[in-house]
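Below is one structure, written out as structure tokens, with a few remarks after it.
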Amino acid sequence: MLVADAEPACRDHPDAIDVAAFGPLASVVVTDDGRERLSLSDRRHRLQLELRSGSFLNGPVILRYDIQGLRTLRAKADALIRLRQVRAGKRLPHGPAPPPFAAKRLVTVLRAFDGVQAGASQRQIAEVLWGEAAVERNWDGASDCLRSQMQRLIRTGKQLVDGGYRRLLGAPETGSGASSPRGESERTAGGFVTG
Numbered sequence: 519m520l521v522a523d524a525e526p527a528c529r530d531h532p533d534a535i536d537v538a539a540f541g542p543l544a545s546v547v548v549t550d551d552g553r554e555r556l557s558l559s560d561r562r563h564r565l566q567l568e569l570r571s572g573s574f575l576n577g578p579v580i581l582r583y584d585i586q587g588l589r590t591l592r593a594k595a596d597a598l599i600r601l602r603q604v605r606a607g608k609r610l611p612h613g614p615a616p617p618p619f620a621a622k623r624l625v626t627v628l629r630a631f632d633g634v635q636a637g638a639s640q641r642q643i644a645e646v647l648w649g650e651a652a653v654e655r656n657w658d659g660a661s662d663c664l665r666s667q668m669q670r671l672i673r674t675g676k677q678l679v680d681g682g683y684r685r686l687l688g689a690p691e692t693g694s695g696a697s698s699p700r701g702e703s704e705r706t707a708g709g710f711v712t713g
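For the sequence shown, my numbering assigns the number 519 to the initial residue and increments by one for each residue that follows.
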């Protein structure tokens, strides 16, 4: 989730964001501590932004984003790009595709899981993935690294098949419901709804 501070702005400022302009995509939740969370959602994709200070509810604002650290930098940068696209009038884009190394790992995970489903042993799957020579050298060696990696791949594949793919795609957890948590109010472009 992006975090920002909001300052009032003129409607014609080139960087101004007015929640009303997002129409039915936008809802603002006010938490018990008075913070506001903007959610832009087309029911398939969602983008969220929390304010540390200021308000979306009093007209156009300029946002000053809080981006700290390196671990979450890419996700926050992608969220900012998505916000810019929606503000420019484009439809709400889904989250970014996984980076190439993550996509390659996902392919390996699914290949390993498919092997298990087809009845292959872990060693046979390893031979398909990394080659017979590599498995011959490392399977029964001093380190159980290759076996452990195979077990992790299979475990991850099972988690994906058992519903973990929803989290991967950025979908909400099942059974989470659409209502606001207790103690929060929701204001949409169409009016005020108590959660």
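Note that beta-carbon positions come from the ideal geometry of N, C-alpha and C, so glycine has one too.
query, result
"On the criterion of 16 or more Cβ atoms from any shown chain inside 10 Å, does Ser666 qualify as buried, or is it exposed?", "exposed"
"Exposed or buried, which one is Arg600 when buried takes at least 16 other CB atoms within 10 Å?", "buried"
"Could you name each continuous alpha helix (DSSP H) segment of 4 residues or more that falls completely within the region 631-676, going from the start of the chain to the end?", "640-648, 650-656"
"Does Leu591 pass the burial test, meaning 16 or more other C-beta atoms within 10 Å, or should it be called exposed?", "exposed"
"Once the 5 residues before and after Ser573 are set aside, which same chain residues still bring their CB inside 8 Å of it?", "Ala524, Glu554, Val579"
"For Ala522, is the classification buried or exposed, using 16 other Cβ atoms within 10 angstroms of its Cβ as the cut-off for buried?", "buried"
"Can you tell me which of the three DSSP states Asp523 falls into?", "strand"
"Where in the region 535-595 do unbroken runs of the beta strand (DSSP E), each at least 3 residues long, occur, reported from the N-terminal end onward?", "544-548, 554-559, 564-571, 579-583"
"Counting only the same chain and skipping the five closest in sequence on each side, list residues whose C-beta sits under 6 Å from that of Arg529.", "Pro578"
"Nearest-angstrom Cα distance between Gln669 and Gly659?", "16 Å"
"I think Val627 touches Gly675, with their Cβ atoms under 8 Å apart; what is that distance to the nearest whole Å?", "5 Å"
"Taking DSSP as the reference, what is the three-state secondary structure of Gly682?", "helix"
"From Glu654 to Gln635, what does the alpha carbon distance come to, in whole angstroms?", "23 Å"
"Among the candidates Ala606, Ile535, Asp560, Met519, whose CA atom is the shortest distance from the CA of Ile585?", "Met519"
"Taking the alpha-carbon positions, what's the Asp596 to Ser639 distance?", "40 Å"
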